[in-house]
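Heads up, the sequence shown is in this note's numbering, so the first residue is 9 and it goes up one at a time.
For every residue, glycine included, the Cβ atom is placed at its ideal position computed from N, Cα and C.
Source: prediction; values computed, not measured.
A short worksheet on the structure shown next.
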Amino acid sequence: MLARAWSSARAARAGLLVIAVLALWLRARGLHRGLIYPDGYDYLLMARGIAAHLTPTLQLGHGGALFVPSVDAALKPLFPALVALLSGIWGGTRAAADAVTAVAGAATVVLASVLAARLTGSRAAGVVAAAAALASPALAYWSGFVGPDPMAEALALAAALAAVSRRPTTAGVLAALCALTRPEWLLVVAGVGVAGLSLPAWRGFAQRALVTAAFVLAAVLALLRPPIALPAGGLALFLGALAAGAALQLGAAWAARDRRRATVVAGAVLALILAAALSGRAPAARGLLNDEWPVLALAAFGLLWACWNGRGAAALALLGAAVVLGATYTYRNPGSERYLAQLLPLAAVAAGLTASRLSGAWIPRAVPRPGLGLAGALLVLAVLVAQPTPVPATDTFAAVAGSFARAPAGTLVSAAPDAYGFLLPERPQQPLRTGARGLILLDGAQRLYDPGVSARGAVIARFAAPYGFERPDGTIDTGPDVLVRGVVSSVTTAERVRLTTG
């Protein structure tokens, strides 16, 4: 009996190792050289500031402007802090950011597999969850961009795994770190915590986890001191979202007490989600449904199957988290699939619930249990072979920055001082403002973000951006980039560019 158990555990570890190695290879292969503007550049500049003086602010070159992250970026200090910690030993800021992103993306796959297996007691469920995460083209594509998204997904799954394992302190720490990576997860953490407080069996666990999470949040924010300032009406909106998340999880806890009620509630919520996605009011949800319908359909079936088989608490908690995050991201940016793609790891776990009985009554006793590990490894390998490599994203700013190798010395004045401040750290940077003097760059970013300004002075160079400049609506600006030595002026008082010689 002991020998059989040891053999089974060893096979499970071997299968998990295969999944981890292949996931890391896939995520590393799918890393994009291009960065999302301005988010990617903001995080990397924050990392440089933290590495320099433990604060996510930075002067852009000697005598340049002071970079202060946006409110949105300042609320996510953990990713740049980890990049700053590793940058000294990993070949620089960008190399460290690539490593953190790839490892976090692979960890998301592994943790989805382990969580599904732990929720069901089925090794086959872990295999299905890993295969679903690896088979998702949207998750693969968006996990390739440097940023906090894959890290937040991994931390959320790790916190859920700690909670299922009844480790409140670990769960609280991981939940706080997740919220410091993407603050929207705080809505889920608070909602699940309130639901836990309402259940006598989980009350002590929830109290300890919430206290730990609050302490970690306060400690990290006090250490890094990010410049956080809520916009007008932001506090009321945040408190309202917290209340809605808590109410949703309380409703999930109530519905989970009866399997028929849990199944009906899950079916109704899934029907509402489908109707909202098909309504056309959220283009990103419609696009994600078109691209990811196999994984999403399997996830929906897994949730209903788990509810019907008495695992409604876990299934409805997953569904509640997806609803809270999906509503938040749709409210913020209904046209961006990037945010909704963060729900796909939850969908992968839900997909694993479909196999919750594969290692029990559905498998003949003659089939050795360790064979599931080998079958899982072969399934994941087949998924990897079948999945196309994501198309790498290009970076106009990096291409333009290469043109400055022969430019004369001086302060660069542009509409994207954060991007050029990261790519050209030795050159002082200033934002485009009327009256600013220096080397003024009129490019696609200027035509989009500052169309009301131009420049007077001598044209130093004209060049074409190799990839053009992609606007938020997906169109490409193929106009020329012009470098002028002079002064920034308003288009209402001067020509767009006054050509002179000299």
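Go ahead and label residue i buried or exposed: buried means 16 or more other beta carbons lie within 10 angstroms of its beta carbon, across all protein chains shown.
i: Ala33; result: Residue 33 is actually Trp in this sequence, not Ala. Exposed, since its Cβ has fewer than 16 Cβ neighbours within 10 Å.
i: Ser144; result: buried
i: His70; result: exposed
i: His61; result: exposed
i: Gly99; result: exposed
i: Gly384; result: Annotation note: pLDDT 48 at Gly384 (below 50); position unreliable, coordinate value reported separately. Flag for Gly384 reads buried.
i: Gly318; result: exposed
i: Phe223; result: exposed
i: Ile27; result: buried
i: Pro156; result: buried
i: Leu165; result: buried
i: Arg268; result: exposed
i: Gly360; result: buried
i: Arg35; result: buried
i: Ala472; result: exposed
i: Gly248; result: exposed
i: Asp451; result: buried
i: Pro109; result: Residue identity differs from the one stated: residue 109 is Thr in this sequence, not Pro. Thr109 is buried by the Cβ-count criterion.
i: Trp313; result: buried
i: Gly96; result: exposed
Do residue j and residue i count as a contact pair if the criterion is CB distance below 7 Å?
i: Ala138; j: Val117; result: yes
i: Ala2; j: Val490; result: One cannot answer for residue 2 here, as it falls past the ends of the chain, which runs 9 to 510.
i: Val357; j: Ala125; result: no
i: Leu53; j: Phe87; result: no
i: Ala168; j: Leu250; result: no
i: Ala112; j: Ala162; result: yes
i: Arg211; j: Leu205; result: yes
i: Ala407; j: Leu431; result: no
i: Thr128; j: Gly180; result: no
i: Ala132; j: Ala355; result: no
i: Thr336; j: Glu192; result: yes
i: Ala227; j: Arg190; result: no
i: Ala263; j: Ala270; result: yes
i: Gly42; j: Asp403; result: yes
What distance in whole Å lies between the Cβ atoms of residue j and residue i, which are believed to be in contact at a cut-off of 8 Å?
i: Leu420; j: Arg441; result: Not a contact, Cβ separation roughly 13 Å.
i: Ala107; j: Val154; result: With 8 Å as the limit, Ala107 and Val154 do not qualify as a contact, their Cβ atoms being about 10 Å apart.
i: Gln437; j: Ala214; result: Incorrect: roughly 47 Å between the Cβ atoms, too far for contact.
i: Leu306; j: Ala140; result: 6 Å
i: Leu225; j: Ala187; result: 7 Å
i: Ala59; j: Ala92; result: 4 Å
i: Leu324; j: Ala274; result: 6 Å
i: Ala453; j: Ala424; result: 4 Å
What are the boundary residues of the alpha helix (DSSP H) that residue i is part of?
i: Gln215; result: 211-232
i: Ser95; result: 86-95
i: Arg455; result: 452-457
i: Ser121; result: 101-128
i: Ala308; result: 291-316
i: Phe153; result: Run containing Phe153: none; DSSP gives neither H nor E here.
i: Val272; result: 267-286
i: Leu194; result: 193-205
i: Arg346; result: 345-348
CA-CA distance, residue i and residue j?
i: Pro158; j: Ala413; result: 34 Å
i: Ala184; j: Leu194; result: 8 Å
i: Val492; j: Trp150; result: 36 Å
i: Gly418; j: Tyr51; result: 26 Å
i: Leu182; j: Pro85; result: 15 Å
i: Gly57; j: Thr63; result: 6 Å
i: Ala514; j: Gly134; result: Past the boundaries of the shown model lies residue 514; the chain is included only from 9 to 510, so the question cannot be answered.
i: Ala463; j: Pro176; result: 59 Å
i: Arg18; j: Leu256; result: 40 Å
i: Leu231; j: Val499; result: 44 Å
i: Leu296; j: Val202; result: 31 Å
i: Tyr428; j: Leu449; result: 11 Å
i: Arg21; j: Ala114; result: 16 Å
i: Ala285; j: Arg346; result: 15 Å
Residue range of the beta strand (DSSP E) that residue i falls in?
i: Leu491; result: 488-498
i: Pro439; result: 437-439
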